[in-house]
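For the sequence shown, the residue numbers in full-length UniProt numbering are 1 to 168. From the three backbone atoms N, C-alpha and C, an ideal C-beta is built for every residue, glycine too. A short worksheet on the structure shown next.
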Amino acid sequence: RVFFEGGKLHFKSRNEKFHLWFDNRIYVDAAYYSPSTDIEGLQSKPNKDLEEDDGEFRFDNGVVIRRARFAVKATLYERWFAELDLDFAYNEVEIKDMFLGYRFNDHVWLKAGNFKEPMSMERMTSSKYLTTMERPMVIDMFAGGRRLGLAATGWGRHWWASAGVFGR
Numbered sequence: 001r002v003f004f005e006g007g008k009l010h011f012k013s014r015n016e017k018f019h020l021w022f023d024n025r026i027y028v029d030a031a032y033y034s035p036s037t038d039i040e041g042l043q044s045k046p047n048k049d050l051e052e053d054d055g056e057f058r059f060d061n062g063v064v065i066r067r068a069r070f071a072v073k074a075t076l077y078e079r080w081f082a083e084l085d086l087d088f089a090y091n092e093v094e095i096k097d098m099f100l101g102y103r104f105n106d107h108v109w110l111k112a113g114n115f116k117e118p119m120s121m122e123r124m125t126s127s128k129y130l131t132t133m134e135r136p137m138v139i140d141m142f143a144g145g146r147r148l149g150l151a152a153t154g155w156g157r158h159w160w161a162s163a164g165v166f167g168r
């Protein structure tokens with residue numbers, strides 16, 4: 001069965017033991033700076049030549065694709081789950097997540113592969129749910145990134161716990 005739900009394309013087997021869906025998104029950042037001289041003589045004007053250094057502070061105008069995600073997610077036999085998440089931003093391709101997991105029940109699971117180290121709720125929150133463009137700098141500094149590893153996670157109504165072993 002093929003259907004479109006929640007902005008995502010889904011494929012589900014008749015017996016519902018296999019479920020595959022695409023979770024894609026594109027984030028674009030654009031800026032235009034108009035010349036000004038109204039802050040105590042500080043002039044800003046669009047950057048015409050990066051090599052030019054005439055002592056004036058310059059901003060760059062432009063458009064950039066900050067994040068272009070292509071993700072394939074799946075559940076297999078109700079308890080197994082997998083994900084492949086690729087990022088096509090800044091003219092590079094990067095594997096963000098690639099893992100296989102096993103769900104013991106609705107609140108406890110084990111996951112192995114390349115994924116975020118479980119260091120904080122802020123870090124674990126998907127970029128599609130962030131209120132601002134980026135996470136706070138302190139989170140990026142101390143919370144770690146995505147690495148190869150094995151992690152167990154459990155959660156309840158008012159708590160969340162996760163522990164894992166990760167490579168460097």
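Residue range of the alpha helix (DSSP H) that includes aspartate 140:
Position 140 of the sequence shown, counted from the start, is the residue given in the question as residue 140. Counting along the chain, the alpha helix (DSSP H) containing aspartate 140 begins and ends at 137 to 142.
Review point. What's the call for alanine 151, buried or exposed, on a 16-neighbour Cβ count within 10 Å?
Key: The residue you call residue 151 lines up with position 151 of the sequence shown. Buried is the call here.
>> Check for me: the beta strand (DSSP E) holding arginine 123 runs from which residue to which?
In response: To locate residue 123, count along the sequence shown from 1; it is residue 123. Per DSSP, arginine 123 belongs to no beta strand (DSSP E); it is in the alpha helix (DSSP H), 121 to 124.
Can residue 178 and alanine 68 be called in contact, C-beta distance under 8 Å?
With the chain covering only 1 through 168, there is no way to say anything about residue 178.
request  = Can you say whether phenylalanine 3 is buried or exposed, counting buried as having 16 or more other CB atoms within 10 angstroms of its CB?
outcome  = Against the sequence shown, residue 3 aligns to sequence position 3. Exposed, because fewer than 16 other Cβ atoms sit within 10 Å of the Cβ of phenylalanine 3.
* **Cβ neighbour criterion (16 or more within 10 Å) applied to phenylalanine 115** => Counting from one through the sequence shown, the residue named residue 115 turns up at place 115. Burial call: buried.
Take alanine 74 and list the residues in its own chain whose beta-carbon comes closer than 6 Å to its own, dropping the five residues that flank it on each side. Taking the sequence shown and counting its residues from 1, the one referred to as residue 74 is at position 74. Around alanine 74: Leu20, Ala82.
Q. Taking Cβ to Cβ, would you say valine 93 is nearer than 8 Å to arginine 66?
A. What you label residue 93 is simply residue 93 of the sequence shown in a count that begins at 1. What you label residue 66 is simply residue 66 of the sequence shown in a count that begins at 1. Going by C-beta atoms, valine 93 is not nearer than 8 Å to arginine 66.
| query | tyrosine 90 to valine 64, Cα distance in whole Å? | reply | Taking the sequence shown and counting its residues from 1, the one referred to as residue 90 is at position 90. Taking the sequence shown and counting its residues from 1, the one referred to as residue 64 is at position 64. Taking the straight line joining both Cα atoms gives about 7 Å.
Compute the Euclidean distance between the alpha carbons of tyrosine 102 and glycine 154, then round it to the nearest angstrom. For this step, residue 102 is matched to residue 102 along the sequence shown. For this step, residue 154 is matched to residue 154 along the sequence shown. When rounded, the distance between both Cα atoms is 12 Å.
*Is DSSP giving tyrosine 90 helix, strand or coil here?*
Indexing the sequence shown from 1 puts residue 90 at position 90. Here tyrosine 90 sits in coil by DSSP.
- prompt: phenylalanine 99: buried (16+ other C-beta within 10 angstroms of its C-beta) or exposed?
  reply: Sequence index remark: in the sequence shown, residue 99 carries index 99 (1-based). Result: buried.
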